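Numbering (the working numbering), first residue to last: 117 to 346.
Here's what the structure looks like:
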């Protein structure tokens, strides 16, 4: 894919900027990167807060033929982010369903996908170089690698890997191989109430399959809390 990278010192949100560009007719492959976000967002309406220059904040514009295949785009970005972490920092994250990058159960990064017409914007927030201690449950690449990590190299490797991962026939198999959620007892927080059981599979549609009292339930969206190995 042809990437057009636009860099900014500060934006309210890289996803919001790319959504605006999508409305204006921007082509697939637009990549927006910011050193700082004043109104960064995560899944389920959460905010994403990071000091200027401490994180890789990037959003990518896709124009897929079928919007229902959107989960394949978030999966491709998640795997490409893991590839970049390994190649640049020597850190191999796990993936927590649906889109969190974890190391030893601490959050390294997250992904937010949003649609605008026939466009899908996939945003990545990755903790890279923190100068102070990490908040509880979080971690940054420099803390794991024992050195500062080059954000420009991370972006380059992310896009190189995304060229390979995007549309790959083994994409979901690669995701399942890296997903730490499979096999765990967990609780899924849903709009209609919590669902507790064992994660047994991620299907080809990206749904989490949870076994509850011998019955298998498909979960398409929700907040997962890992409990312990089944």
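Even for Gly, the Cβ is constructed at its ideal location relative to N, Cα and C.
Quick caveat, the model's predicted, so the values are computed rather than measured.
{"Check": "For residue 317 and residue 292, the rounded distance between their alpha carbons", "Outcome": "8 Å"}
{"Check": "Cα-Cα separation between residue 200 and residue 308, rounded to whole angstroms", "Outcome": "37 Å"}
{"Check": "C-alpha gap between residue 245 and residue 327, whole angstroms", "Outcome": "39 Å"}
{"Check": "Whole-angstrom distance between residue 217 and residue 223, CA atom to CA atom", "Outcome": "6 Å"}
{"Check": "Cα-Cα separation, residue 254 to residue 232", "Outcome": "31 Å"}
{"Check": "Of the listed residues 256, 138, 306, 194, nearest to residue 295 (C-alpha basis)", "Outcome": "194"}
{"Check": "Beta-carbon proximity list for residue 136, same chain, < 7 Å, skipping 5 on both sides", "Outcome": "none"}
{"Check": "Run of the beta strand (DSSP E) containing residue 171, from where it starts to where it stops", "Outcome": "171-178"}
{"Check": "Which of helix, strand or coil DSSP assigns to residue 186", "Outcome": "helix"}
{"Check": "Sheet register partners of residue 153 (DSSP bridge)", "Outcome": "127"}
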